[in-house]
Each structure stands twice: as structure tokens, then as C-alpha cells.
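Numbering (the numbering used here), first residue to last: 1 to 240.
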Ligand SMILES: [Ca+2]
Ligand SMILES: [Ca+2]
Ligand SMILES: [Ca+2]
Ligand SMILES: [Ca+2]
């Protein structure tokens, strides 16, 4: 008996001239075929032919068509119907039996089954623009690859990468409340610049109706402009 290990997941065993799957139930007559050198090796009604999706010469039922990647059947060494292995199309999630990551659309073959793409699987798959980010996952950080602005937490995809200079480009973009300030930028917006919330402003005060940064004062209820406590100390009256 000669054993022939095709890959890490599927053991095929050569018994005389009979090629069988080493473990598990037979899958399909087309999937585990009989290896042969000549038709003499095959049972009655079978002929020895080269099958492009199997291990070379196999016994095929007389008149049968050799396995192909477009015959609508799982045959040859395909991981699923017309996919995986030497077929150029990878298999959808749930497909058995995959032998390697390349057999699966998601790039993940576990327990011989293609499993769906996830946002925490350390593989760039599904709609992700980079590993586990972008697309349907959380947006990518600066430097991540992207296909659109929506793939980036900076909301700026430039040249295929999430922009890491958007806070210095003289354009109001990403989630900046005004040009290069507020939002994700470290730079707070100066007085009278646009804001969405107090944290966008140097003064920490954003006008609730006009959405502009309001200059700090000694009666705005916010500790700002050098005050040592809220509205006292520094330029204001001494704190009590
Ligand atoms: Ca096929
Ligand atoms: Ca992923
Ligand atoms: Ca900017
Ligand atoms: Ca104040």
C-alpha cells in the first residue's frame, strides 16, 4: 500500500490501482476516482483517461466527460463545485472540502471548510480594504489601504492609502470642524472658526446655534484662557 499525502488536510491512499479518500465517507464517485495506467487496470465499463482535475490517469465510466472547472459538478480535485484546487475560482463560505486558504474566497480554510470573512481574523477578506478594516468593518487608521474615503477613520483616502496628513493640508476634510483644526486633529480651532462641539475650540466653547468658537471669558462657565479654575484665576478675578 502506498500512501500519498496530497496536502495537509486530505489524505488519499493508493491501494493497488485504487485511489480512495483516506478517511471520511466517500463524497462522490466523481471525486474519488480510480487511478490507472491503462484501461486494463479499470473495471468493466470504465476506461483509463487523463482527467485534468485529478491525479493524472483515472478510470472514468465509458463515455463520461473528464472533470472540468465549468461542468457544474464537484469532481476531480475541486474543493467545491467548480472551485478551489486547480480551478481559478475560489470557493464560497461553507464549502467542503478545502485544502488550503487559497481554495476559499475568505482566505480561511478551517477543518476543511471555507469559513466566512470576519473583522478579527487577521486576513484581508470580504469587503475589507485592509486587514480587518475598511469595507463592512471599522474604518482603517492612517496608512491603511483604502478604496474610498469611507474606508478610513480620517475619511480621506489618497492614492489608495488612508491619509495621515489631512490635519496639515489646508483643506477642511476628514471630520475637521474648520480647516485643519477640530475633529481628529490635535490642533484646536481659534476663536470664530467653525466647530461642532466645545472640544473643537481653543476656548472649549462652541456657540450652540452658530457653531463658531466663542472667545474665552470669565463668565462662560468653562475653565479656559489661563484660568486656574472655572472663570477665576489667571486673567479673571482671583478664586475664592
Ligand atoms: Ca467540476
Ligand atoms: Ca478579515
Ligand atoms: Ca485638513
Ligand atoms: Ca472661563
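Ideal placement from N, C-alpha and C gives every residue a C-beta, glycine not left out.
For clarity, every value in this text was computed on a predicted model and none was experimentally measured.
Asked: How is the beta strand (DSSP E) around residue 116 delimited, first residue to last?; Found: Segment: none, residue 116 is in no beta strand (DSSP E) and carries neither H nor E.
Asked: Please classify residue 252 as buried or exposed, where buried requires at least 16 neighbouring CB atoms within 10 angstroms.; Found: With the chain covering 1 to 240 only, the question about residue 252 has no answer from this structure.
Asked: With a threshold of 8 Å, establish whether the CB of residue 142 neighbours any heavy atom of ligand 3.; Found: no
Asked: In whole angstroms, what separates the C-alpha of residue 110 from that of residue 83?; Found: 17 Å
Asked: Would you mind listing the alpha helix (DSSP H) stretches within the stretch 177-239 that are 4+ residues and don't spill past its ends, in chain order?; Found: none
Asked: Give me the Cβ distance between residue 269 and residue 58, rounded to the nearest whole Å; I'm assuming they're in contact under 8 Å.; Found: Here the chain has residues from 1 to 240 only, and residue 269 is not among them.
Asked: Do you know how far the Cα of residue 122 is from the Cα of residue 31?; Found: Model confidence at residue 31 stands at a pLDDT of 38, short of 50, so the residue's coordinates are unreliable; what they give is reported in the following sentence. The straight-line gap from Cα to Cα measures roughly 32 Å.
Asked: Any chance you could list the beta strand (DSSP E) runs of at least 3 consecutive residues sitting entirely within the stretch 130-185, in chain order?; Found: none
Asked: At which residues does the beta strand (DSSP E) containing residue 58 begin and terminate?; Found: 56-61
Asked: With a 10 Å radius around its C-beta and 16 neighbouring C-beta atoms as the bar for buried, classify residue 145 as buried or exposed.; Found: buried
Asked: From residue 69 to residue 81, what distance separates their C-alpha atoms?; Found: 8 Å
Asked: Can you tell me whether DSSP reads residue 102 as helix, strand or coil?; Found: helix
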